[in-house]
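**Student:** Residue numbers (our numbering): 332 to 601. If you scroll down you'll find the structure; I have some questions about it.
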Amino acid sequence: MSRRLTRWAVYVLIAIGFAIACVFLSNWQFERNEDRAAQIELVEQNYDAEPVPLADLIGQDGELDPSDEWHPVTLRGEYLAEQQLLVRNRPHGGTSAFEVLVPFRDVDGRVFIVDRGWVPPGEGDAPDAVPAPPEGEVVVTARLRPGEQLPASGRGAPDGQVPTINLPSIAEQVDGEVITGAYGRLMSEDPAGSVALGGFDSPTDDPGPHLSYAIQWILFALMGFIFIGYIIRTEIVKHREEVEGIPAPVKKSKRKDHDADVEDELLDVR
332 MSRRLTRWAV
342 YVLIAIGFAI
352 ACVFLSNWQF
362 ERNEDRAAQI
372 ELVEQNYDAE
382 PVPLADLIGQ
392 DGELDPSDEW
402 HPVTLRGEYL
412 AEQQLLVRNR
422 PHGGTSAFEV
432 LVPFRDVDGR
442 VFIVDRGWVP
452 PGEGDAPDAV
462 PAPPEGEVVV
472 TARLRPGEQL
482 PASGRGAPDG
492 QVPTINLPSI
502 AEQVDGEVIT
512 GAYGRLMSED
522 PAGSVALGGF
532 DSPTDDPGPH
542 LSYAIQWILF
552 ALMGFIFIGY
562 IIRTEIVKHR
572 EEVEGIPAPV
582 KKSKRKDHDA
592 DVEDELLDVR
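Okay, structure coming up:
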């Protein structure tokens, strides 16, 4: 095999390797698009559903079925205000706000973490004021959400605060049988608190760029073959010209160069 054919074979192998990588990345984006579509469908199905008692969706094992995320639930009981916790660095109102977690003891005896909303940051490491929850028996309606992971960086938080809504670690700071499979984002309280906290935005229905990225990776794979084909074709044409002894095309002199030469001759005659 000539050096030229070997080089072309390497070109083709590079194009194939690039195409395989593009196909892998394209499939990954297609999968992300499917996951995002499933999330949007789940929100549309559950977000405005009729509230049901907490026990209907969270059994004694305390686990949350992923198909029940965002579903509203109702609880009757009392807030454990003295065990309130603040979640740091939450993006609300264009600031790094604090979300207010208050344990709620349901009539069945279990403790459910309720995220009552958010408050803006203060001058120091804590908000200037945190509105208190209503006292006595309260009926709470909240949307179910899964807990969060602890920070990968291992960062902590001051006393009375947590870095994320990691329910097992929160349960270690709260008395009673704490449900660790889900928490609730507050929708309403009856009676309501004296001062309302900042509310939560509805989840977006934007599917994201995943589908367009998936198509782009397919196009990149095709462009890789086209580019390699162009390089090989260029080398073939160049080699053929060298073998047949075809001289390189000579550029025609421009008209203005000829006119300039005539003017120079006239000046010399004078």
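All C-beta atoms in this analysis are idealised placements derived from N, C-alpha and C, irrespective of residue type, glycine included. Predicted, not measured: the structure shown is a model, and the values here were computed from it.
Runs of 4 residues minimum, wholly inside the segment 355 to 420: which ones carry the alpha helix (DSSP H) assignment?
**Tutor:** With a minimum length of 4 residues, the continuous alpha helix (DSSP H) runs that stay inside the segment 355 to 420 are 385 to 388.
**Student:** Whole-angstrom Cβ separation of A386 and D439, contact assumed at under 8 Å?
**Tutor:** The Cβ separation is near 6 Å, so the contact holds.
**Student:** Please determine, among Q414, E394, G408, N420, the residue with the shortest C-alpha to C-alpha distance to R476.
**Tutor:** Cα-wise, what sits closest to R476 is E394.
**Student:** Taking C-beta to C-beta, are I389 and I510 nearer than 8 Å?
**Tutor:** Cβ distance < 8 Å, so I389 and I510 count as in contact.
**Student:** DSSP on V600, reduced to helix/strand/coil?
**Tutor:** Note that V600 has pLDDT 49, beneath the 50 cutoff, so the model's placement of it is unreliable and no number is given.
**Student:** Measure the alpha-carbon distance for F429 versus S543 and round it to whole angstroms.
**Tutor:** Rounded to the nearest angstrom, the two C-alpha atoms are 36 Å apart.
**Student:** Pull up the distance between the alpha-carbon of E520 and that of V469, whole angstroms please.
**Tutor:** One C-alpha to the other measures close to 7 Å.
**Student:** If you run the structure through DSSP and keep just helix, strand and coil, what is V461?
**Tutor:** Reduced to three states, the DSSP call for V461 is coil.
**Student:** Identify whether G448 lies in helix, strand or coil by the three-state DSSP scheme.
**Tutor:** Strand.
**Student:** Of all the options H423, I562, V418, which has the alpha carbon lying nearest to the alpha carbon of S632?
**Tutor:** Any question about residue 632 goes unanswered here, given that the chain covers just 332 to 601.
**Student:** Measure the beta-carbon distance from P538 to A368 and round it to whole angstroms, keeping in mind my assumption that it falls under 8 Å.
**Tutor:** That pair is a contact at about 6 Å.
**Student:** I'd like the list of long-range same chain contacts for P452, defined as Cβ closer than 8 Å, with 5 residues on each side in sequence excluded.
**Tutor:** Closer than 8 Å at Cβ, skipping near neighbours: T426, S427, A428, F429, P458.
**Student:** What residues are listed by DSSP as bridge partners for H278?
**Tutor:** It is not possible to answer for residue 278, since the shown part of the chain is limited to 332 through 601.
**Student:** Pick out whichever of P397, D456, R436 has its Cα sitting closest to the Cα of Q414.
**Tutor:** Comparing Cα positions, the closest option is R436.
**Student:** I need the straight-line Cα distance from T495 to A483, nearest angstrom please.
**Tutor:** So the two alpha carbons sit approximately 11 Å from each other.
**Student:** Are E503 and R441 touching if we call contact CB-CB under 8 Å?
**Tutor:** Not in contact: E503 and R441 (Cβ atoms no closer than 8 Å).
**Student:** May I ask you to report which of helix, strand or coil DSSP gives T565?
**Tutor:** Three-state DSSP puts T565 in a helix.
**Student:** Given S357, which residues of its chain have a CB within under 6 Å of its CB, disregarding the five upstream and five downstream residues?
**Tutor:** Closer than 6 Å at the Cβ level, and outside the excluded window around S357, lie A545, W548, I549.
**Student:** To which residues of the same chain is P534 closer than 6 Å at the C-beta, ignoring the five residues directly before and after it?
**Tutor:** Cβ within range, chain order: V374.
**Student:** Nearest CA to the CA of D366: which residue from D446, L432, P540, Q492?
**Tutor:** Closest option to D366, Cα to Cα, is P540.
**Student:** Quick one: what's V470 bridged to in DSSP?
**Tutor:** Partner(s): R407, D521.
**Student:** Quick one: using the 10 Å Cβ neighbour count with 16 as the cut-off for buried, is Q376 buried or exposed?
**Tutor:** The residue is exposed, with fewer than 16 neighbouring Cβ atoms inside 10 Å.
**Student:** P462 and L411 - do their beta-carbons sit closer together than 8 Å?
**Tutor:** It is not a contact, given that the beta carbons lie outside the stated cut-off.
**Student:** Kindly list the residues whose CB is nearer than 6 Å to the CB of Q360, restricted to its own chain and excluding five residues on each side of it in sequence; keep chain order.
**Tutor:** For Q360, where only same-chain residues beyond five positions count, the Cβ hits under 6 Å are H541, Y544, A545.
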